[in-house]
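Okay, so here's the structure we're looking at.
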Amino acid sequence: MKRYLILFFAAFVSIFIEALCVQWLPPYANPHLLVCLVVYLAFFELSILAAVFAFSIGLLADFSSGIVVGPWAGALVATYGLISLISQRLFVHSGLVMFAAAAIASIGCDLFYWLLVLEVQSATTHDLFRILGSALATGLVGPLIQICLQRAESGRRAASSRMGLSSVGA
Amino acid sequence: MVATLLCSWASLLIDIIMTQPLSARTKVCVSSFGLLCLSLILTAYSTRNPWLARSGSSVVSELVTPFQQMFTAVVSVVTRSGTSYLELINTHELNKGLTERVKVLEEDNARLMEYRFENEQLRSLLAMSGEVADSGVGASVIGYDPSGWIKGIVIDKGARDGVKVGMPVVVGVGLVGQTVAVSRTASRVLLITDHSSGVDVLIQESRVRAVTEGSGSMLCDVRYIRTGEVVRVGDRVITSGMDGIYPKGLLVGHISEVSRPLGAMFQSLELRPAVDFDKLEQVFVITEARVRPDDLESSPNVESNGPGGK
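Chain order of the listed sequences is A and B. Residues in the first sequence are numbered from -4 upward in steps of one, following our numbering. Residues in the second sequence are numbered from 1047 upward in steps of one, following our numbering.
Below is the structure:
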């Protein structure tokens, strides 16, 4: 449960950082930090709760955009489902694998979102360059997020084991 | 009807996941698929009912806005500090440049002040020379008599400029002396304060004639004024024009001391020259003095052509 708390806090911070990146970075350099979180979840957590969590943070992203509710939720849960199918065949601790997975997942999410919102938002060819640029930025950021989350979780596990040992000693 | 269908389908899905002996991976895939379908339904619903997206967006904004404001304030403080630091560096460089420029401007100003002073001197020389001289030449003082025994100056004009021995030398405020030695490019001027200098003068107020002689100091002696004549301290002393060297009307100085020794025939007077000989820089040599009508009347060589004449 604590893992999901850490991930939920990370999701909240990611949305905040993404809002800042939109202000300071050009559109083709904005990374999808939520996609990196979902990819990390698909690599290391295989459960229904994780799928529901991916859906939830997608809903959070939809509400923060305020256009349509549902596209990001669907994109992220689809990403989670697909990556979790193949995660067993990947060396998930490799940074390169995380880079590739995050970049491809970012492209998939953007295309999925693009298809779903075509009814309410017009699309241009510039969006294609934006999608590719975002994918590259997401891929570069992915391994960093993986390292941060692993460190956060290892710190949590060490703290838990110390608490367990101390209670045994008592 | 659609809602009923959805609920029944969802319950079937949940039943399959919970009860059937499926692997974890399969359960995850099935649940992901179910959630994907839910997201599609939500998308279709919120497209036709925008209130859902708007209300959710307002809730999220309420949660995020305080953190955004805090972050923006911190960034603003850091940016301002950085800008202030950069401005401080620029100010330092600007200050250095301006200090250099002030130095240059101060030097230019000093030079211009010098030009102005020289200009005023020359203007006063020109104004005065117009009154007493038909022609003359301006000269700069280039030195003082090296022997120290003679009160004299050296000027940078000589024979090639039309200067001759015995020509009067003046400045705007008064009489300086006369030329006593002339070379091709320079001349020596004997000041009126020298022992061997003598000037025929008039006390302007009382019209008493006298002779001014140098005393070797910065003052002159005025001689041959009878004790009965009224002369006061401060009276103006001008050239009389009778000695044939200095034109009439040039200011020599002012009476600074009057004494009448008992039993003496003449008064003992002291004159303070109008010219400050320590600060001489520019002088005017009168090469041809202007003759005024009152000069002709007072000259002994002029013939009278009145009704009683001839």
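Note that the Cβ used here is the ideal one computed from N, Cα and C, for glycine as well. Please read all numbers here as calculations on a predicted model, not as lab measurements.
For a Cβ distance threshold of 8 Å, residue set Val1074, Ser1077, Ser1078, Leu1081 of chain B lies close to A/Ala46, ordered along the chain. Counting the other Cβ atoms within 10 Å of the Cβ of A/His27 gives 16 or more, which makes it buried. Taking 9 Å as the threshold, the shortest C-beta distance from B/Tyr1161 to chain A does not fall below it. From the listed residues A/Phe39, A/Phe94, A/Ser59, the smallest Cα separation to A/Gly76 is found for A/Phe39. Going by beta carbons, A/Val34 and A/Ala73 fall outside the 9 Å limit. Around the CB of B/Ser1107, fewer than 16 other CB atoms lie within 10 Å, so the residue is classed as exposed. Under DSSP, B/Pro1214 shares a beta bridge with B/Gln1224. Spanning the alpha carbons of B/Tyr1292 and B/Ser1170 requires a straight line of approximately 19 Å.
Within 7 Å of the CB of B/Ala1119, no CB atom of chain A is found; the nearest one sits about 13 Å away. Within its own chain, the residues whose Cβ lies closer than 7 Å to the Cβ of B/Ile1271, once the five positions on either side in sequence are excluded, are Val1254, Ala1256, Val1277, Phe1312, Gln1313, Leu1315, listed in chain order.
With its beta carbon at least 9 Å from every one in chain A, B/Gly1143 lies outside the interface. B/Leu1296 carries a coil assignment under DSSP once its states are collapsed to helix, strand and coil.
By the neighbour-count criterion, in which a residue is buried when 16 or more other Cβ atoms sit within 10 angstroms of its Cβ, A/Trp67 is buried. Cα atoms of A/Ala147 and A/Leu0: separation of roughly 11 Å, rounded to the nearest angstrom.
Close partners of B/Ser1103 in chain A (Cβ separation under 8 Å): Phe58, Ser59, Ser60, Gly61. Annotated three-state conformation of B/Gly1182 is strand, per DSSP.
Here A/Ala49 is not near B/Leu1088, since their CB atoms are 9 Å or more apart. B/Cys1266 has B/Gly1260, B/Leu1317 as its beta-bridge partners, per DSSP. DSSP lists B/Val1247 as the beta-bridge partner residues of B/Thr1285. For A/Gly69, the residues of chain B that pass the 9 Å Cβ criterion are Leu1081, Leu1082, Cys1083, Leu1084, Ser1085, Leu1086, Leu1088, Thr1089, in the order they occur in the chain. If you draw a 10 Å sphere on the C-beta of A/Ser89, you find fewer than 16 other C-beta atoms in it, and that means exposed. The DSSP-derived three-state label of A/Ala95 is helix. If you ignore the 5 residues before and after A/Ile102, its C-beta comes within less than 8 Å of the C-beta of Ile126, Leu127, Ala130, all in its own chain and listed in chain order. If you check each beta-carbon in the stretch 88 to 111 of chain A against every beta-carbon of chain B, the ones closer than 9 Å belong to Leu111. Listed by position along chain B, the residues whose Cβ is nearer than 7 Å to that of A/Val72 are Ser1078, Leu1081, Leu1082, Ser1085.
Residues of chain B whose Cβ lies closer than 7 Å to the Cβ of A/Tyr75 are, in chain order, Ser1078. Going by DSSP, B/Ile1332 is part of the beta strand (DSSP E) stretching over 1328 to 1335. Chain order gives the chain B residues near A/Pro66 as Ser1085, Thr1089, where near means a beta carbon separation below 8 Å. The C-beta of A/Gly53 has 16 or more other C-beta atoms within 10 Å across all chains shown, which makes the residue buried.
By the 16-neighbour rule on beta-carbons within 10 angstroms, B/Tyr1161 is exposed. Per DSSP, reduced to three states, the secondary structure at B/Val1235 is strand. Selection A/Gly137, A/Ser59, A/Asp105, A/Phe94 evaluated against A/Phe7 yields A/Ser59 as nearest (Cα-Cα). Residue pairing by DSSP places B/Ser1305 opposite B/Ser1314 in a beta bridge.
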